[in-house]
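J.:
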Amino acid sequence: MPYHLSSPGETNGSIIGLIVAVCILCVILVVLIVIWVYRRRKSNKGASSSSELQLLINANTEDDQSIRKLWEAVHSGRKQDVESLISEETTKTLVNRTPSGESTTILVEAHLRGDSEILKALSLPDLYPVADNILIKNIARNFEERVRLVFIACERGHYLGPGGLAELLIKYWLPGTIQDNHGCSLLHCVVSAKVIPSGEPLWQLTDVKNLVNDHHCNINARNFSGETILHTLVSSLEYTKEEDCYYDGKQMTVSNAWIQLAQLLLELDCNPALPDYNNKTPVMYVNHNTAMHALLSQEKYLKPPIYSSVNIKFITNAAKIGENSIVMRMMKNVMPYFGPNFCPLKQAMENNHRDTVILLQSSGLSLLSSSTINTIKNIKLPAIIHSLIRLEINNGLQEEMRKISIGNKNFHDLLSYMQYTQEKVKNGELEFIFSPKENKDYNTRNKDLLIKAASLGLTYTCKLLKLSDIFLNYSNFDLHNPVLEALKGNHFHTATVLCVDFQLYYSVDSLNSHEYKQFQSSLIDIEMSVFKIILSSEDSISESDRNEMVEYLDNVKDNGEPNTPDARLLHLITKFGLLTLLHQIQSNTDFDINSTILNHINATSLHVAVIYENINVIEYLSYMKADIQKCMLNDLNIMTLLKIINNNGSQNIIERHLDISQIIPSKLSEEDVNRIKQEIDNISLELSREGYKFQKEILIILREKLDLNPDKPLNEDNSFNKSLDMDSVSQDKIVT
202 MPYHLSSPGE TNGSIIGLIV AVCILCVILV VLIVIWVYRR RKSNKGASSS SELQLLINAN
262 TEDDQSIRKL WEAVHSGRKQ DVESLISEET TKTLVNRTPS GESTTILVEA HLRGDSEILK
322 ALSLPDLYPV ADNILIKNIA RNFEERVRLV FIACERGHYL GPGGLAELLI KYWLPGTIQD
382 NHGCSLLHCV VSAKVIPSGE PLWQLTDVKN LVNDHHCNIN ARNFSGETIL HTLVSSLEYT
442 KEEDCYYDGK QMTVSNAWIQ LAQLLLELDC NPALPDYNNK TPVMYVNHNT AMHALLSQEK
502 YLKPPIYSSV NIKFITNAAK IGENSIVMRM MKNVMPYFGP NFCPLKQAME NNHRDTVILL
562 QSSGLSLLSS STINTIKNIK LPAIIHSLIR LEINNGLQEE MRKISIGNKN FHDLLSYMQY
622 TQEKVKNGEL EFIFSPKENK DYNTRNKDLL IKAASLGLTY TCKLLKLSDI FLNYSNFDLH
682 NPVLEALKGN HFHTATVLCV DFQLYYSVDS LNSHEYKQFQ SSLIDIEMSV FKIILSSEDS
742 ISESDRNEMV EYLDNVKDNG EPNTPDARLL HLITKFGLLT LLHQIQSNTD FDINSTILNH
802 INATSLHVAV IYENINVIEY LSYMKADIQK CMLNDLNIMT LLKIINNNGS QNIIERHLDI
862 SQIIPSKLSE EDVNRIKQEI DNISLELSRE GYKFQKEILI ILREKLDLNP DKPLNEDNSF
922 NKSLDMDSVS QDKIVT
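Offset between the sequence shown (1-based) and this note's numbering: plus 201.
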């Protein structure tokens, strides 16, 4: 076979194919190497990341455990544990953290408890953020939600077991005296809950007894209408059918089941003699059930309300130290009228007793008073107090708005004011009551609103109007007076609050109604109780003189005392603004309101009222045409005195009733100030021996005011504090 040679084209094609094959193999090899390196590195990195992740998990677990421990220590009030878990470096990072499974931060939980010692233990520089609306709203929302959940359990009759009322009160650290947004206590809720459809009480007697004893419920609590537990129980009974049921392990009628529950409440010290704010006791609402009527009328259970200086003393002192059992026991036959001089709520707030504040609220006392608002303004308090006052305003207004018919055009402006105010409070705006302005532009409008609110018995609305408008203090002697309007509508509670808490006054001498006379008599009793406590703190007055003063006032009350009163008695009544007593003295004795009541300094009642900045007494004396020409000291006329005290409100009142155009005030140059100071110093030296306590006190106030710049407006906090230190009131000195 002949040998055949290949062509050059075929040889070149083979070489190219070989080269391509080699290149492909090289690429595959490189890819394999890259994959191997990548996997190797990924494996190493994964091991490293896994280690770092584990470390992070461990760190987070430790951090969460620290937060949990601190939160639980704060929640349960263990101060030493809080101090051991906290440090300055970790405070800011931890207090705003929330442990898993909880809904509140450590800071919010601390303020919810209202425990100042716990707040101090947290070592925060800003413990009480008064202006921090976000914090306060957060606390109010959490508090309201916790209370809501407790009341849901109560409405269902769920006392023991998981999610029961007893468990929730402990879990949320709430007292058994809490109220819902209608002002109803847990016991109001208990006596409202019925078995459907038969109508007997949902709560068994054993559970009711355990609830009261184990959680210290206020057995004489009131709702916003002043209704006690028994008022609500009687109302529940009225709407039941007379049929058989099985209650507390026994067969009985439905009405008998309610009587059994009422019997238990009476044995637990519920007082059937306490009236509601319409001045009606529970038995007055019993229409057809003779057995219930007989039970609530039994004399052994009736403890009629009394106004006693001893009761006021005990309640106020117990509130100061947080002795809730004493407060509760003493409040069982006391109406919730204490006035600005002796306010248990003020004492409880100042000493950070959250549960005492809540207890007193459930007894009918309100955070909306001049003394409590001043305390909230001037003292650093846990944010729970600010939350409680916002909740009270919101709930109180909501309850009162239900009393106004939307279609009633006469009250449209009042309803608009209430809605507007409620919205402001929800947004955290409380400056309108914390820092009221002297705005004459709103004076006429607010007077009209106050008259309308009083005529409907809208007590909370009246309080807000009085707190937010200083000039409303000057409407006492107008033809349309809020006290008179409240009395005309039989709203005696509203009238009493205006007279006692805000020291408004209206004489009912010309009104012949028995109810009006009874109202004035109760005001005298209240002021007499206050005066007895004031007397007991005055060591400068002998016991025999104290007894004579009390006897004198008793005679005045009975319209049988023609003699001139003791000057010291007049000084104390003027200083503390006891207007009803002052009017009784002025009407029933030969007392001349222009007579000198403090010799050596020639001070009349008007001078004393101006120095103590007691606006309502100033108005009363001005209305009675007090002599403004009289000078105290040597030549200190009323206009110069007003300039020294620097209270524009006092001057406006006097100008409203009296012509002061003929009195030229001193310009109070530096020379004038020094001259008056020298005169005060000389008189003080003359009075340096024993006695003359009241004169010395007046001179000290004047000296302090003169040391300030008389031409510079004073902060309202510079006004003299007329309240007494309850520690100075000896129990055995009270004239009973």
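Note that CB positions come from ideal geometry on N, CA and C, so glycine has one too.
Per DSSP, what kind of secondary structure is Leu903 in: helix, strand or coil?
T.: Of the three classes helix, strand and coil, the one that applies to Leu903 here is helix, per DSSP.
J.: Looking at C-beta atoms only, is the number of pairs between the region 489-502 and the region 464-480 that lie closer than 8 Å three or more?
T.: Contact holds: three or more Cβ-Cβ distances are below 8 Å.
J.: Throw me the rounded Cβ distance for the Ile881 and Arg904 pair, which I believe falls under 8 Å.
T.: Between Arg904 and Ile881 the Cβ distance is about 5 Å, and since that is below 8 Å, they are a contact.
J.: In whole angstroms, what is the alpha-carbon distance linking Ile337 and Gly365?
T.: Distance between the alpha carbons of Ile337 and Gly365: 28 Å.
J.: Does Thr662 come out as helix, strand or coil in the three-state DSSP assignment?
T.: Note: Thr662 maps to helix in three-state DSSP.
J.: Could you check where the beta strand (DSSP E) with Met797 kicks off and where it finishes?
T.: The amino acid occupying residue 797 in the given sequence is Thr; Met does not appear at that position. Where Thr797 is concerned, the enclosing beta strand (DSSP E) stretches over Thr797 to Leu799.
J.: Given this structure, state the Cα-to-Cα distance separating Gly278 from Arg857, to the nearest angstrom.
T.: One C-alpha to the other measures close to 55 Å.
J.: Would you kindly check if the distance between the Cβ of Ile634 and the Cβ of Ile574 is under 7 Å?
T.: Their beta carbons are under 7 Å apart, which means Ile574 touches Ile634 by this criterion.
J.: Given Leu375, which residues of its chain have a CB within under 8 Å of its CB, disregarding the five upstream and five downstream residues?
T.: Within the same chain, Leu375 has close Cβ partners Arg347, Val348, Val351 and Leu369.
J.: In its own chain, which residues sit with a C-beta less than 6 Å from the C-beta of His554, not counting the 5 before and 5 after it?
T.: Closer than 6 Å at Cβ, skipping near neighbours: Gly523.
J.: State the start and end residues of the unbroken beta strand (DSSP E) segment that holds Cys446.
T.: Where Cys446 is concerned, the enclosing beta strand (DSSP E) stretches over Asp445 to Tyr448.
J.: Rounded to a whole number of angstroms, what is the C-alpha to C-alpha distance between Thr454 and Lys395?
T.: Their backbone Cα atoms lie some 14 Å apart in a straight line.
J.: Using a Cβ distance threshold of 8 Å, determine whether the region 726-737 contacts the region 507-519, with at least three qualifying pairs required.
T.: With a cut-off of 8 Å, the region 507-519 and the region 726-737 count as touching, because enough Cβ pairs lie within range.
J.: Alpha carbon to alpha carbon, what distance is there between Ser572 and Asn803?
T.: Their Cα atoms are separated by approximately 31 Å.
J.: Quick check: the Cα distance between Asn789 and Pro545, rounded to an integer number of angstroms?
T.: Between Asn789 and Pro545, the C-alpha separation is close to 33 Å.
J.: Using the Cα positions of Gln266 and Thr299, report the straight-line distance between them to the nearest angstrom.
T.: Cα-Cα distance, rounded: 11 Å.
J.: My understanding is that Ala458 touches Tyr448, with C-beta atoms under 8 Å, so please give their C-beta distance in whole angstroms.
T.: At roughly 4 Å, the Cβ-Cβ gap stays under 8 Å, so Ala458 and Tyr448 are in contact.
J.: Does chain C have any CB closer than 7 Å to the CB of Leu799?
T.: The chain inventory of the structure shown lacks chain C, comprising one protein chain alone.
J.: Let me confirm a value: Asn525 is counted as buried when at least 16 other C-beta atoms fall within 10 Å, else exposed. Which label applies?
T.: Buried is the call here.
J.: Can you tell me the Cα-Cα spacing of Ser588 and Thr441, whole angstroms?
T.: Going by the C-alpha atoms only, they are around 38 Å apart.
J.: What number of angstroms, rounded off, separates the C-alpha of Leu569 from the C-alpha of Thr781?
T.: Going by the C-alpha atoms only, they are around 22 Å apart.
J.: Provide the residue span of the beta strand (DSSP E) that contains Gln452, from first to last.
T.: Note, Gln452: beta strand (DSSP E), Lys451 to Thr454.
J.: Below 8 Å on the Cβ atoms is my guess for Asn382 versus Asn596; work out the distance and round it to an integer in Å.
T.: Indeed, because the Cβ distance is near 4 Å, the residues count as touching under 8 Å.
J.: Ignore the nearest five residues each way along the sequence and tell me which others in Ser250's own chain have a CB closer than 7 Å to its CB.
T.: Legend: pLDDT at Ser250 = 44, less than 50; position of this residue unreliable, value from coordinates given subsequently. Cβ neighbours of Ser250 beyond the five flanking positions: none.
J.: Would you call the region 623-632 and the region 690-707 touching, i.e. three or more CB-CB distances under 8 Å?
T.: The answer is no - the region 690-707 does not touch the region 623-632, with fewer than three Cβ pairs under 8 Å.
J.: Using DSSP with H/G/I as helix, E/B as strand and the rest coil, what is Gln380?
T.: Residue state, collapsed to three classes: strand.
J.: Excluding the 5 residues preceding and the 5 following Arg591 in the sequence, name in chain order all residues of the same chain whose CB lies nearer than 6 Å to its CB.
T.: Cβ neighbours of Arg591 beyond the five flanking positions: Ala341 and Val626.
J.: How would you label Arg423, buried or exposed, when you count the other beta carbons within 10 angstroms and need 16 or more for buried?
T.: The residue in question, Arg423, is buried, as its Cβ has 16 or more Cβ neighbours within 10 Å.
J.: Decide if Arg747 is buried, meaning its Cβ has at least 16 other Cβ atoms within 10 Å, or exposed.
T.: By the neighbour-count rule (16 or more Cβ atoms within 10 Å), Arg747 is buried.
J.: Measure from the alpha carbon of Thr660 to the alpha carbon of each residue in Cys224, Gln852, Asp702 and Cys832, then state which is nearest.
T.: Of the listed residues, the one whose Cα sits closest to Thr660 is Asp702.
J.: Please classify Gln863 as buried or exposed, where buried requires at least 16 neighbouring CB atoms within 10 angstroms.
T.: Gln863 should be labelled exposed.
J.: Going by the DSSP bridge assignment, what does Ser386 pair with across the sheet?
T.: Beta-bridge pairing links Ser386 to Gln380.
J.: Suppose you measure from the CA of Val874 to the CA of Glu887; what does that come to, to the nearest Å?
T.: The alpha-carbon atoms of Val874 and Glu887 are separated by roughly 20 Å.
J.: Rank Phe543, Lys521 and Leu438 by C-alpha distance to the C-alpha of Thr491 and give the top, closest one.
T.: Thr491 has its Cα closest to that of Leu438, out of Phe543, Lys521 and Leu438.
J.: Ignore the nearest five residues each way along the sequence and tell me which others in Gln452's own chain have a CB closer than 7 Å to its CB.
T.: If we look at Gln452 and ignore the five residues flanking it on each side, its Cβ neighbours are Asp445.
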